[in-house]
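Student: First the structure, then my questions, so here it is.
Chains as they are written, first to last, in my numbering: chain A, 1 to 137; chain B, 1001 to 1433.
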């Protein structure tokens, strides 16, 4: 079975738990292995080590050290990673945060707490399941 | 023919002389007026420069106005006149060493009382020469008071050559010039004060905005969790295994506690600038011992130890607020002091103030965080990872209280060598009460 791989960048344990749980509710679209990373630096290190680009990055904005917007900026400069869909999941509803995230290439912007429907729509918009999953065609 | 005869008569001769006199007088007055206008224009123009340049221009135009005498500008207040600018820039350096105490010279206090210019000669001049040695070789000094809206701002000083005789018109114009200089100097001071206040207010409002943002974000994180876990419990109530349900309930409680801590600390921060008790004598040694006794359980739970130095200085301050300072610093040292934290509280007298410190044996604070740790809601990422229970408010509260007492606080730390928080507070002395 050729499942999808997602990276979840989130410093709050509870938020990571809740989002992983919501993702699990969407398994009917296909299996998705979720790796959780606690901050931006951990994500970049992980990407540097891995041989294959992930199918999806779920990114919090308020992260210690390198924050979500900083991560987006770095990802955009990496040719191999610039095509990976990024869905921002943040508690911030500030218009300036939303605008900046979109300008830096985030496919969708979801405000916490994230419901299953909103997450499903965002992943569909980002084209996460297209091509690799027949069920959704 | 007749006319000429007539004009040659003594009466007409007298009229012609008088008319000529009048014409010369008018010419001089005109020249004086245009000089005054030109001087005023130059002073007003210099008004957009720094005060130093403005005063130099004022000295220069005053000298030019009076043809070749030396002019000086003094600034000052109710007690002192300070040499500030000379018409000859070469004299500026020596002039700036000059301080004239006003209360020792009745001629000067009288000048300010009458708000009118004076010319000093003889003894009054000789007395002034004690403070301004240049005066020893001159015969007279003309002083024009500079008056601002709140009182004395300084004086224009004119040293003439031995034969300098100021006409009544020149004296009048000098008064006008002096008033004009005072006006421009005061306008400049008010403008630069206002600009500083504006930028300070701007800074404060930026700081407040980012604090508000950080605080609301910090509050929102536990609310999001609370809401989501409660929703899960509600929607999956029937099918949820007991273990999972209990876990959700535990998370709800833990997030509520976190919110409670945050709100408590935010309130404490808001209150940190308020006076709880009148400033008085604070025995730090006793105070620290009390705080440590109150925290005994937490210290034991962290397997920490606190060593309190003997003979800590006695402070002047608000005991309730100072207790908060030590409680927060000790909590901070327990949280970040590493395994089995070793904490030391010390102090000494230095430069008429009390210098105190709380040090720990933790992993230290990286240089780029040493200033930021005092900002509300700012947390070193390493601290967030190891101690999620901290709210990031403790050190901001400490800083606000210390600064409220007129003191300051900073941290010294090297990676892996622990951190020492130093703070300076006012010493208590018997004379202060």
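Glycine included, C-beta positions come from ideal geometry on N, C-alpha and C.
Going by beta carbon distance, what residues of the same chain come within less than 7 Å of residue 66 of chain A, once the five residues before and after it are set aside?
Tutor: Cβ within range, chain order: 39, 40 and 41.
Student: Roughly how many angstroms lie between the CA atoms of residue 133 of chain A and residue 30 of chain A, to the nearest whole one?
Tutor: A caution first: residue 133 of chain A carries a pLDDT of 44, below 50, which makes its placement in the model unreliable, though a value can still be read off. Taking the straight line joining both Cα atoms gives about 6 Å.
Student: Are residue 1373 of chain B and residue 1358 of chain B close, meaning C-beta to C-beta below 8 Å?
Tutor: No. Outside cutoff.
Student: Going by other Cβ atoms of all chains shown within 10 Å of its Cβ, with 16 needed for buried, is residue 1115 of chain B buried or exposed?
Tutor: Looking at its Cβ environment, which holds fewer than 16 other Cβ atoms inside 10 Å, residue 1115 of chain B is exposed.
Student: In chain A, what lies closer than 8 Å to residue 1217 of chain B by C-beta?
Tutor: Near residue 1217 of chain B (Cβ distances below 8 Å), the residues of chain A are 62, 91 and 92.
Student: Exposed or buried, what is residue 1243 of chain B when buried is set at 16 or more other beta-carbons lying within 10 Å of its beta-carbon?
Tutor: That one is exposed.
Student: Ordered along the chain, which non-local residues of its own chain (more than five positions away) have a Cβ less than 7 Å from that of residue 1230 of chain B?
Tutor: Answer for residue 1230 of chain B: 1252, listed in chain order.
Student: Assign residue 63 of chain A to one of three DSSP states: helix, strand, or coil.
Tutor: Note: residue 63 of chain A maps to coil in three-state DSSP.
Student: Counting pairs of Cβ atoms below 8 Å between the region 1335-1344 of chain B and the region 1403-1414 of chain B, do you hit three or more?
Tutor: No contact exists between the region 1335-1344 of chain B and the region 1403-1414 of chain B.
Student: Evaluate residue 1030 of chain B with the Cβ neighbour count: other Cβ atoms within 10 Å of its Cβ, from every protein chain shown; 16 or more gives buried, anything less gives exposed.
Tutor: Classification for residue 1030 of chain B: exposed.
Student: Looking at chain B, is there any beta carbon in it that lies within less than 8 Å of the beta carbon of residue 67 of chain A?
Tutor: Taking Cβ atoms only, chain B never reaches closer than 8 Å to residue 67 of chain A, which makes this a no.
Student: Between the alpha carbons of residue 1098 of chain B and residue 1307 of chain B, how many angstroms are there, rounded?
Tutor: Cα to Cα, residue 1098 of chain B sits roughly 53 Å from residue 1307 of chain B.
Student: Alpha carbon to alpha carbon, what distance is there between residue 1269 of chain B and residue 1214 of chain B?
Tutor: Roughly 14 Å between the two C-alpha positions.
Student: How about residue 37 of chain A and residue 87 of chain A: do their beta carbons lie closer than 8 Å?
Tutor: No, these two residues do not count as a Cβ contact at 8 Å.
Student: When you compare only the Cα positions, how much space is there between residue 83 of chain A and residue 1228 of chain B?
Tutor: Distance between the alpha carbons of residue 83 of chain A and residue 1228 of chain B is about 31 Å.
Student: Got a sec? Which residues, its chain only, sit under 7 Å from residue 34 of chain A by beta carbon, not counting five neighbours each side?
Tutor: Result list for residue 34 of chain A: 6, 8, 20 and 23, in chain order.
Student: How close, in whole Å, do the beta carbons of residue 1075 of chain B and residue 1160 of chain B come, if the pair is a contact with beta carbons under 8 Å?
Tutor: The pair is not a contact, with the Cβ atoms about 22 Å apart (cut-off 8 Å).
Student: With a threshold of 7 Å on Cβ separation, who are the neighbours of residue 1361 of chain B within its own chain once the five nearest residues in sequence on each side are excluded?
Tutor: Excluding sequence neighbours, residue 1361 of chain B sits near 1337, 1338, 1341, 1342 and 1418.
Student: Indicate whether the contact test is met: 3 or more Cβ pairs, each with one atom in the region 1397-1405 of chain B and one in the region 1256-1273 of chain B, closer than 8 Å.
Tutor: Yes, since at least three Cβ pairs between the region 1397-1405 of chain B and the region 1256-1273 of chain B fall closer than 8 Å, the two stretches touch.
Student: With a threshold of 8 Å, are at least 3 pairs of Cβ atoms found where one atom belongs to the region 1028-1043 of chain B and the other to the region 1058-1077 of chain B?
Tutor: Touching, per the Cβ criterion.
Student: Going along the chain, which residues of its own chain have a beta-carbon closer than 6 Å to the beta-carbon of residue 1189 of chain B, five neighbours each way excluded?
Tutor: For residue 1189 of chain B, where only same-chain residues beyond five positions count, there are no Cβ hits under 6 Å.
Student: Do residue 990 of chain B and residue 1347 of chain B have their C-beta atoms within less than 8 Å of each other?
Tutor: In the structure displayed, chain B extends from 1001 to 1433; residue 990 of chain B sits before or after that span and is not available.
Student: Grab the span of the alpha helix (DSSP H) containing residue 1295 of chain B for me, first residue to last.
Tutor: Neither: residue 1295 of chain B is in no alpha helix (DSSP H) and is coded neither H nor E.
Student: Leaving aside the five residues before and after residue 118 of chain A along the sequence, list all residues of the same chain whose C-beta is less than 8 Å from its C-beta, in chain order.
Tutor: Taken in chain order, the residues that qualify are 110.
Student: Name the DSSP bridge partner or partners of residue 1395 of chain B?
Tutor: For residue 1395 of chain B, which the question treats as bridged, DSSP gives no partner whatsoever.
Student: Using the beta-carbon count (16 or more within 10 Å), is residue 1150 of chain B buried or exposed?
Tutor: That one is exposed.
Student: What residues are listed by DSSP as bridge partners for residue 1158 of chain B?
Tutor: DSSP output for residue 1158 of chain B lists B:1071 and B:1142 as bridge partner(s).
Student: Taking residue 74 of chain A as part of the alpha helix (DSSP H), name the residues at either end of that continuous run.
Tutor: That run of the alpha helix (DSSP H) goes 68-77.
Student: Drop a sphere of 10 angstroms on the beta-carbon of residue 1324 of chain B, count the other beta-carbons inside from all chains shown, and report buried for 16 or more, exposed for fewer.
Tutor: Looking at its Cβ environment, which holds 16 or more other Cβ atoms inside 10 Å, residue 1324 of chain B is buried.
Student: What residue from B:1209, B:1143, B:1089 and B:1180 has the CA that sits closest to residue 1166 of chain B's CA?
Tutor: That would be B:1143, whose Cα lies nearest to the Cα of residue 1166 of chain B.
Student: Among all the DSSP beta bridges, which residues are the ones paired with residue 1283 of chain B?
Tutor: The partner list for residue 1283 of chain B (beta bridge, DSSP) reads B:1314.
Student: Identify, in the order they occur along the chain, each residue of the same chain with its Cβ nearer than 6 Å to the Cβ of residue 1328 of chain B, setting aside the five sequence neighbours on each side.
Tutor: Closer than 6 Å at the Cβ level, and outside the excluded window around residue 1328 of chain B, lie 1394, 1397 and 1398.
Student: Considering only residues of the same chain and omitting the five flanking positions on each side of residue 1184 of chain B, which have a CB-CB separation below 7 Å?
Tutor: Excluding residues within five positions, the ones whose Cβ falls inside 7 Å are 1043, 1044, 1047 and 1054.
Student: Looking at residue 100 of chain A: is its Cβ nearer than 8 Å to the Cβ of residue 69 of chain A?
Tutor: Taking 8 Å as the Cβ cut-off, residue 100 of chain A and residue 69 of chain A qualify as a contacting pair.
Student: Excluding the 5 residues preceding and the 5 following residue 1422 of chain B in the sequence, name in chain order all residues of the same chain whose CB lies nearer than 8 Å to its CB.
Tutor: Answer for residue 1422 of chain B: 1355, 1356, 1357, 1409, 1410, 1411 and 1412, listed in chain order.
Student: For residue 1326 of chain B, report the span of its alpha helix (DSSP H) as first-last.
Tutor: Segment 1319-1336, the alpha helix (DSSP H) holding residue 1326 of chain B.
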